[in-house]
Each structure stands twice: as C-alpha cells, then as structure tokens.
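Trainee:
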Amino acid sequence: MLALHKDSQIPLPPDAAYGVSYLAVTEEMRTTYASEPARWHIEADADLPTAWIKVAHDRIHLPEQGWKLHVSASPWSAESVLRRALPVLFSEPVCLKVAAAPDVLAGLNDGTSGTLSQIGKFITVYPSDDEQAVRLAVALHEQTRGLCGPRVPSDQPLERGSLVHYRYGGFGGLHVQSPIGEITPAVRTPAGELVPDIRSTAFAPPDWAVDPFVKAGAAEALPPPSLVIAGRYAIALPLHHSPRGAVHLALDARTAGSCILKQACCGAQPAPDGSDARDRLRREAAVLESLDLDGRLPEVIELVEHDSDLFLAMEDVAGETLEDRVARESRRGVTLSTAQIVGYALELTSVLGQIHASGYAYRDLKPTNVIIAPDGRLRLVDFEMARELDGNVNPLPGTGRFGVGTRGYMSPQQARGELPAITDDVYSLGALLFLMATGAEPSRAPHPFDLLERPLRRLKPSIDAGVAALVQRCLDPDPGSRPPTMAAVEAALRAIGRTSSVVMSRHGPEAPEELTDDARRASYRDAAGRLASALCADAHPVLDGAGVAWMSPHKFASGLWSRDLYVGSGGTLLALAELVASFEKPDHRRILEGGARWLACAPRPAGDPVASLYVGEAGVAAALLRAGQVLASDELVAEASSRGAWLSTLPFASPDLMNGTAGRLRFHLLLWHATGVAEHLEHAISAAEHLLETCSEAGDRELCWVIPPGYKSMSGTAPLGYAHGAAGIADALLDLFEVTRDDRYQRAAGSAGRWIARHAIPALNDGSGLAWPMCAGGDPMPAYWCHGAAGIGRFFLHADALDLLPESCAMWTGAARATAHGTRWAGPTQCHGLAGSIEFLLDAHQATGDTTYLAEAYVLGELLMAFRSDDDGTLRWPSDSPWVRSPDYMLGYAGVALALLRLAEPGTRSHALAADRFRSK
1 MLALHKDSQI PLPPDAAYGV SYLAVTEEMR TTYASEPARW HIEADADLPT
51 AWIKVAHDRI HLPEQGWKLH VSASPWSAES VLRRALPVLF SEPVCLKVAA
101 APDVLAGLND GTSGTLSQIG KFITVYPSDD EQAVRLAVAL HEQTRGLCGP
151 RVPSDQPLER GSLVHYRYGG FGGLHVQSPI GEITPAVRTP AGELVPDIRS
201 TAFAPPDWAV DPFVKAGAAE ALPPPSLVIA GRYAIALPLH HSPRGAVHLA
251 LDARTAGSCI LKQACCGAQP APDGSDARDR LRREAAVLES LDLDGRLPEV
301 IELVEHDSDL FLAMEDVAGE TLEDRVARES RRGVTLSTAQ IVGYALELTS
351 VLGQIHASGY AYRDLKPTNV IIAPDGRLRL VDFEMARELD GNVNPLPGTG
401 RFGVGTRGYM SPQQARGELP AITDDVYSLG ALLFLMATGA EPSRAPHPFD
451 LLERPLRRLK PSIDAGVAAL VQRCLDPDPG SRPPTMAAVE AALRAIGRTS
501 SVVMSRHGPE APEELTDDAR RASYRDAAGR LASALCADAH PVLDGAGVAW
551 MSPHKFASGL WSRDLYVGSG GTLLALAELV ASFEKPDHRR ILEGGARWLA
601 CAPRPAGDPV ASLYVGEAGV AAALLRAGQV LASDELVAEA SSRGAWLSTL
651 PFASPDLMNG TAGRLRFHLL LWHATGVAEH LEHAISAAEH LLETCSEAGD
701 RELCWVIPPG YKSMSGTAPL GYAHGAAGIA DALLDLFEVT RDDRYQRAAG
751 SAGRWIARHA IPALNDGSGL AWPMCAGGDP MPAYWCHGAA GIGRFFLHAD
801 ALDLLPESCA MWTGAARATA HGTRWAGPTQ CHGLAGSIEF LLDAHQATGD
851 TTYLAEAYVL GELLMAFRSD DDGTLRWPSD SPWVRSPDYM LGYAGVALAL
901 LRLAEPGTRS HALAADRFRS K
C-alpha cells in the first residue's frame, strides 16, 4: 500500500541504509538503555498505511493534546539519528513512534506517502507535559547535533539547523468531520470546542498555546519567513511547493518586473555525501548559464542566499504549460491533432539536439517543463536534472548508481542511476508523445516503465500509424532499439503526414477481440473474486479481535478509521457484502460479519453529524443494511432502521447526493424497499419536500440547487453534476416519483434536466459527445461520475426511461459517447475513473439492450485491467494516485471489484446502491 521506491522522484537510499531494520534498532536500544525494559512496549504496524513503530512506557497516560516533538532524518542518517535519540527517550517514561522502515521514511520525505507537512517526521515524541517536552527537546538536540535531515515544514526548529522540531497538536485521540466529509485530527480550545488540527507547511500554533520552548529559553522565537529575498525580490505568489523547496512568482525591485524565484531549502533532499537541494540548484544555474539556445531557455538573473536557503532568480517565462494545454483539451475528450503533435515534437527535437550538442542530457522532459509561449514557440524550463554527457560524472553528486527523475517519463536506465545518455531524453520524448497523442498522463500510468501496457489504439483508436510507431520505438526498454539521436527522431517525425482525419466508430470496440464473451466474463469474475480476498486480507482486527475495519491511506481519510461510503469502512463493507453474496466463501463471510460488528458500534467523529449517503451517517446505515441482508441478520437490519429513524430528526443541510439531502432521500427509500416500513418512505418524502422548498429558478421552467455556506469552494455555487449537483438531486427525485407517482417530483426533475441540458458542451474530436462544466459558464469537466458525463448521463438515462424530456435521449447518448471515448486515459476508480464509466455504460446496455454499450464497457474493462498489480499473489488496484492502494468504494479497489462483478454479469447486475439490490425479495 506504500510507495514503491522505483517510482520515487528522489534518490533511493544506498543498499546499506535501505536494509536497516528500525524495529531491530529500537529493540536493541530498549534492551541496552531502558532501566526497566519490560515496562516499555513496542508495537510494529508496518503493514498499516500509517506504517509506524509505536513505543510506550506503561506508566504513561497521554493527554489529548500538547506540544509534540519531531526528530528529522534522511534514509542515510536515520540509523545514526535513531541510535543517538533512543537513549534519551528511554531515559524516562514517554510515548513515541518511529517511521517503520527506510522506504516509509523516504516516502514521507519525498511526499509520496503523505503531505508536504510530513517531511522529516522520522521520530514523533508525545511528551506528558510542557516540562518534559522542553527537557527532551534540549537533550535530543544535543545528541543529534551534526547529523543531517530535512526541515519539518509544519514545525518550528529548536534552533536553526536543528533536527529537533516542535509543534502544538492533538495526540491522536480527537477527530472532527467537516460538512464535506473530511476527517481531520482535532484539538480542543480552552472553551472546550473541537477545531481542526491543521498541519500546514508553516509553523502556526493556536493563538492560545504558549510556546514553552521560548518561555524556557530553550528556543529562539524565530521571525516569520521574509517575503523580501536578498533585499531585492519581493515574493508575490507561491507557485509550487515540493520536498526540495518552492517556486515563487516575485517582483524584482531593480527592474520593476516579475521573475521566478526557485528556492532550495537548507538540508532538503540530502544525499549521502552531505550535499542537498542547494547544491543541485547551483548546478542548475551553472547549466543554464552555459547554454545559449536562442531564447529557448529562461534567462538566469542571479543566485542568492537568504536565511540558509538558496534562491535562483530567473526570467518569468510567459505562456501556457504543455500540461495545461493537453489537460484543457482532454477535459472534453479531445486529443491533439497529428499536425500539432508533430509540430511540437519537431521543436523539442531541435532544442534537445542543441542541448546534447552542448554536452548535456536534459533528463526531465515532461509537460510541466514545456512552456508554449504567446508566439507559439516552445521553451524549456527546470534544468535541475541536466547532467554532462562525458561519461565521467555521476548523475547526481553522491547518489552513485541511484537515479532521479519523474515517474513515467524517466527511462529505466535513468531510474537505475546509469550514466546520462541521449537515449534517456529520447525515451522521455516518447512519453511526452504518448501523452499528446492519447491524453494519458505517464506519471499516473499503472506501471511507469511499461506505458504501452495500455495499447495506443485502445487509448486513441484514430492515432496516426506513424506517431504510434515512433512512440513505440522511443519507449523501447532497450536503449539500443530507440532512435539514437534527436536528428533520427526528427527524420521520423518529418516522414509522418502532417494532417490526419479523425474517424471513430459509431459505437463499440475498434478491433475484434480475441476472447469470447464467456472467457472475458470469467476473467472479470475471477478478478473480482481475488479482490474480495484482498479486501479480507486488508481488514484489520479491532474491538479486541471482535471486529474488523479497513484503514484508508487515501488523503481524504487522513489515514484514520473512516466509516463513510465514499472513503472508509462503510463503502468497503457495502462492496464486500455484494462480493460475499456472489462468491459465498465462508472466510469472506466471517470478515463481513466482523466488519459489520465494528461499523455498528464505531463512534462517529466529533462535531455535528453529517447525515448524507456517500459521506456521513446515511451511508453507514446503508452499509449495515446491505450487510444485514446478505448475512440474514435481523439485528443489523433493525440497527439500520433505527439509524434511519434517528437521521430523520437531523436538520437538512446541503441539497446534494454526496453530502446532503438527496443522499438522505435515497437512503430512506432504500430502507423502505428493504423493509416495507411506511415511516421510511415518509422520511424520504420529507427530504424531497425540503428539496422542492430550497430549489432556485435558473431560467424558464428550469431549476437548480445552490450549495449553502460551510462547503468550501462549492458554497454559493449551483453545480450541474451527479455527486454534488442538480443531476444527482433530480435522479433521487425520480426514484421517489416512481414509488409515489407524485408529479411534483417528476416536474422538478424535468426542470432540472432542462437546465442541465442547456449547458451541454460538444465533446470529442468529432463533436459527437457531450460534456458539462461543474457550474454554468465554466470549463467542461472530464466524463466522470462525480461532475461529468458518466453521472449526468445516468440521470438522463433514467429520465428517458420515464419519457421525461424530449432531449433526454440525445443527452444520455452523447454522454455515453463521451464516457466511452473521452476519458480512456483516466484512472481506475468509481468517482472519477474507469470503474464509474463502466458502470454507466452497463446501465445503458441494460436499459436499451444495445450490445454496443456492452462492447464499449469491455474496452474500458480492458484498460481497467491494466492497472492491476499482483503483490505476492494478492490482486489490488491503485487509487487516483499510483502510489496509493486503498480498499475504498469510490476511490479504491472495492469499487473496482464491483465494476468487475458487473462486467462479469453485464445483463442483470445493477450498481450497488440501486433499489433492486436492497428490495426485499
């Protein structure tokens, strides 16, 4: 579930450091230095997403919150830091945790297994009081003096350059859930109110927390970071933060113009030889100053030091990144034309050829580093990874054979740390061509050194044959089989026709499949069954072994025990219930029972209850209801019914399906289908009445719903889509209309449908698909379930079945075409990925009997299968990020399992929250 280090963007630790067992060192230090070793308990949770070694003295009872300490380290210094710090920590009762392994620490430091605020947090200490916090901090500082480690962004260092940092925060026992569903650690104010414990990239203690380190004279009150660098550059806007430092837009007082400031922090990304990010920034400046490429590179202004950090001031290159250009087109299912691809590639071969002629390999060709200037010319930025081609210089000082680069764009040879070569840039250019031709982002590929695992003609059926052949040559894993120079790539590009017509089939796959339908369905069923086994393997015992739960490593769950359907054990339980009903394996059934036991008694986060379906208490109850049906447990069904009655007493909030009233409506209706109890239908009607009362006129016979305050950027907006907007609300109203036959619900849904239809935007290269913006007047969204065509199309499919609107058929068929052809580059998940797209296409197939929609679902299924990974016989899929494998419904492989199960039973099985899944048989 953790980042694989071959995908990291920073150097891997040497074998000696990588093989160190932090657990063994901790056990050794306890035996050697603890006066009462038996009173210290060490718990290794290396298999959990949190991946910590937890150490506690049995006399300690932790407070809820306080000043915590962090001791920083790199993978190369970690063993030394641990051996110096643990004697101090074993000298008196305290609680602490240690990153479980070198790959866990490296993942924290390079940002792949946490946020930037987690950088450097190798050892976390939870003092019993302020006096112990100060005492331990001073002793740890003295013991670790002279060792290296990155700065902890969220903390205050005890003094400049110290490995010991501190911040005020919760000790793990308090959490709150926001109205949008985010579960965050919390702290309690002096007045007793729980507020989020914000882990930002700046030291920001609560106003009421007095700094005991400064008060005791153990630390200096450092001023906030200056916004004026070297007396000349005024930071106007942070553009990007990274483990290395930051990139800022600044104003140059000397020229009165703008410039770019690239910041390398002291101690960031340290290497075994003692160098850090500042040394690499110096090298970048030297490379840029040595190259003269006719204005194709940013001009260097100067290198300046400020507060121990190094800043490179450069020209502010105007224009749009190639990444933004491709993404803008991809959102409406459009790919660049052959002429555009060839034109951009020819410019890149020219500039890269000149770089090679100057004696360098560029080594970081990716779309964020290519700027399309206002005059249309391409310019390259970010030369941090450029290295000499003379064969005598290591790829990076101190890294030896360990390479650096960007996932999906660096060649296998560069990743292994082999000496720089022109063919590394040829490979990267092939990855960039792959992106331009298909819209598929190589950095999020299932397997970064096998981009062609998803066939080019599956991703883009109309791809030019010459472009496809060149991409395949450039991406050959054998550098000897790639074009040897940029001149050779240029020759191949000039041989490609500069115009290409886009011809797409009306529906269905573009080429015959080798598998029979029976074999294909058997393959999907087998994969779904193996994912059921993975879900059971990833269940963790809780409640003293009397139950199990799933911890999501997805950032939305913050590594906590979420109960929700969207991300959390509720959704995992819902999916497992369907899998148990299909495969009837006793061991899976036992896990389902354990998960239901935990969910039934797990406390909800503090704060006002969130009452909706995908996020909140309605979803928890829906999972218990479905588990109760599959397990034939009257107790669980009764628990769900009881929760439904309680939910009906809560105030209504946002109108939407994800977070609000429409989700409650759908849950009460599912409960009524399951039990036949009239009061559940009454509760659904009450929710619908509130939706009718709170809708807004959007035009002639058009309705929308506005999101109230408290929902961050969505507040005050009227979304169009399914998860948060009018499409999902209208779909829920149609569900209720089919039961009550109350025309008011049908009319409201129709009015919303007219408003949604008015904002449809042509999609795909030939304009045959439809896309929608998140809100009226915005840019189109990709064809996802949450905000795009896959969700909106589900509503219009439902509306068409009820003859609600004359435009319904055109709307859902256009949405289906965009879903089938416009986001083949997407990731695997339900919310915004292939699994959600597949489910909509299967809905269309079941509603119409048209097998072309099934054929298109199978094409997406083939692309979905490319994301699978087999870890020692256990099959899993990644989440939105290739580094995260999450057992969630909407953002993880539980949802993938349900899509695969539907592909295995395409004519009959409906989606997991459909009424017929819950209806009493």
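Counted from 1, the sequence shown has number 775 at position 775 by full-length UniProt numbering; the numbering is strictly sequential.
For each residue, glycine too, the CB sits at the ideal point set by N, CA and C.
Values in this document were obtained by computation on a predicted structure and should not be read as measured data.
In this structure, how does DSSP classify D871 when only helix, strand and coil are distinguished?
Mentor: Three-state DSSP puts D871 in a strand.
Trainee: Quick one: measure Cβ to Cβ for A437 and V471, integer angstroms, because I've assumed they're closer than 8 angstroms.
Mentor: Right, the Cβ-Cβ distance comes to about 7 angstroms (below 8 angstroms), so this counts as a contact.
Trainee: Whole angstroms are fine: how far does the CA of L348 sit from the CA of D425?
Mentor: Cα to Cα, D425 sits roughly 10 angstroms from L348.
Trainee: Buried or exposed: which applies to C601, given that a residue is buried once 16 or more other Cβ atoms fall within 10 Å of its Cβ?
Mentor: Exposed, since its Cβ has fewer than 16 Cβ neighbours within 10 Å.
Trainee: Which word fits K460, buried or exposed, when buried means at least 16 other C-beta atoms lie within 10 angstroms of its C-beta?
Mentor: Label assigned to K460: buried.
Trainee: Go to M314, then tell me how far its beta strand (DSSP E) extends in each direction, as first and last residue.
Mentor: Run containing M314: 309 to 315, per the beta strand (DSSP E) assignment.
Trainee: Which residues bound the beta strand (DSSP E) around residue 922?
Mentor: What is shown of the chain runs 1 to 921, which leaves residue 922 out entirely.
Trainee: Please return the same chain residues whose Cβ sits closer than 6 angstroms to the Cβ of L734, not counting the five positions on each side in sequence.
Mentor: Hits under 6 angstroms: A749, H798.
Trainee: Could you say which of D608, L805, P651, A815 lies nearest to G181 if we only look at CA atoms?
Mentor: Nearest of D608, L805, P651, A815 to G181, Cα basis: D608.
Trainee: Buried or exposed: which applies to P37, given that a residue is buried once 16 or more other Cβ atoms fall within 10 Å of its Cβ?
Mentor: Classification of P37: exposed, given that the 10 Å Cβ count is below 16.
Trainee: Helix, strand or coil for P420? Go by DSSP, reduced to three states.
Mentor: Residue state, collapsed to three classes: coil.
Trainee: The alpha helix (DSSP H) spanning E159 covers which residue range?
Mentor: Note, E159: premise wrong, no alpha helix (DSSP H); not H, not E.
Trainee: Taking the straight line between their C-alpha atoms, what separation do you get for residue 982 and L691?
Mentor: Residue 982 is absent from the model: the chain starts at 1 and stops at 921.
Trainee: Which residue comes first and which comes last in the alpha helix (DSSP H) that contains R328?
Mentor: First-last of the alpha helix (DSSP H) with R328: 322 to 330.
Trainee: Among the candidates I792, A575, L174, S910, whose CA atom is the shortest distance from the CA of S808?
Mentor: Ranking I792, A575, L174, S910 by Cα distance to S808 puts I792 first.
Trainee: Name the one or two DSSP bridge partners that D252 has.
Mentor: According to DSSP, D252 bridges with Y233, G257.
Trainee: Taking H57 as the reference, which of F867, E28, S275, Y126 has the closest Cα?
Mentor: Comparing Cα positions, the closest option is Y126.
Trainee: Nearest CA to the CA of L136: which residue from L174, E193, S154, P87?
Mentor: Comparing Cα-Cα distances from L136 to each of L174, E193, S154, P87, the minimum goes to P87.
Trainee: Return the CA-CA distance between S242 and D382, expressed in angstroms with no decimal places.
Mentor: Between S242 and D382, the C-alpha separation is close to 14 angstroms.
Trainee: Does the pairing of the stretch 562 to 570 with the stretch 516 to 523 give three or more beta-carbon distances under 8 angstroms?
Mentor: No: fewer than three Cβ pairs fall under 8 angstroms.
Trainee: So if DSSP puts Y360 in a beta bridge, which residue, or which two residues, is it bridged to?
Mentor: In DSSP, Y360 forms a bridge with E388.
Trainee: Where does P708 fall in DSSP's three states?
Mentor: It is coil, neither helix nor strand.
Trainee: Are the stretch 663 to 683 and the stretch 699 to 711 touching, with three or more C-beta to C-beta distances below 8 angstroms?
Mentor: With a cut-off of 8 angstroms, the stretch 699 to 711 and the stretch 663 to 683 do not count as touching, because too few Cβ pairs lie within range.
Trainee: Mark A687 as exposed unless 16 or more other C-beta atoms lie within 10 angstroms of its C-beta, in which case mark it buried.
Mentor: Counting Cβ neighbours within 10 Å, A687 comes out buried, since at least 16 surround it.
Trainee: Between which two residues does the alpha helix (DSSP H) carrying V467 extend?
Mentor: Taken as a continuous stretch (DSSP letters only), the alpha helix (DSSP H) holding V467 covers 465 to 474.
Trainee: Within this structure, are the beta carbons of P655 and I729 separated by less than 7 angstroms?
Mentor: Yes; because the gap between Cβ atoms is below 7 angstroms, this pair is in contact.
Trainee: Three or more C-beta pairs under 8 angstroms: does that hold for the stretch 883 to 894 against the stretch 544 to 559?
Mentor: These segments touch.
Trainee: What's the gap between the Cα of residue 949 and the Cα of D364?
Mentor: Beyond the ends of the chain as shown, which are 1 and 921, falls residue 949; an answer cannot be given.
Trainee: Our contact map puts A345 next to L429 with C-beta atoms below 8 angstroms; I'd like the distance itself, whole angstroms only.
Mentor: About 7 angstroms; that satisfies the 8 angstroms criterion.
Trainee: Pop quiz: A912 and E578 are said to be a contact at Cβ under 8 angstroms. What is the actual Cβ separation, rounded to whole angstroms?
Mentor: 6 angstroms between Cβ atoms; contact.
Trainee: I believe L565 touches G595 by the beta-carbon criterion, under 8 angstroms. Please report the beta-carbon distance rounded to the nearest angstrom.
Mentor: Not really, about 13 angstroms apart at Cβ, beyond 8 angstroms.
Trainee: Do you know how far the Cα of P420 is from the Cα of L432?
Mentor: Going from the Cα of L432 to the Cα of P420 covers about 19 angstroms.
Trainee: Please name the residue in L631, S648, P651, A623 whose C-alpha comes closest to that of A640.
Mentor: The shortest Cα separation from A640 among L631, S648, P651, A623 belongs to A623.
Trainee: Who are the near neighbours of A411 in its chain, counting only those whose CB is closer than 6 angstroms to its CB and skipping five residues on each side?
Mentor: This sequence places Ser at residue 411; Ala is not what is there. Within the same chain, S411 has close Cβ partners D424, Y427.
Trainee: At which residue ranges does the stretch 179 to 231 contain complete beta strand (DSSP E) runs of 3 or more residues, listed in the order of the chain?
Mentor: Listed in chain order, the complete beta strand (DSSP E) runs (minimum 3 residues) inside the stretch 179 to 231 are 183 to 188, 194 to 196.
Trainee: Cutting at 7 angstroms between CB atoms, please list the residues of its own chain near T908, excluding the five before and the five after it.
Mentor: Contacts found: none.
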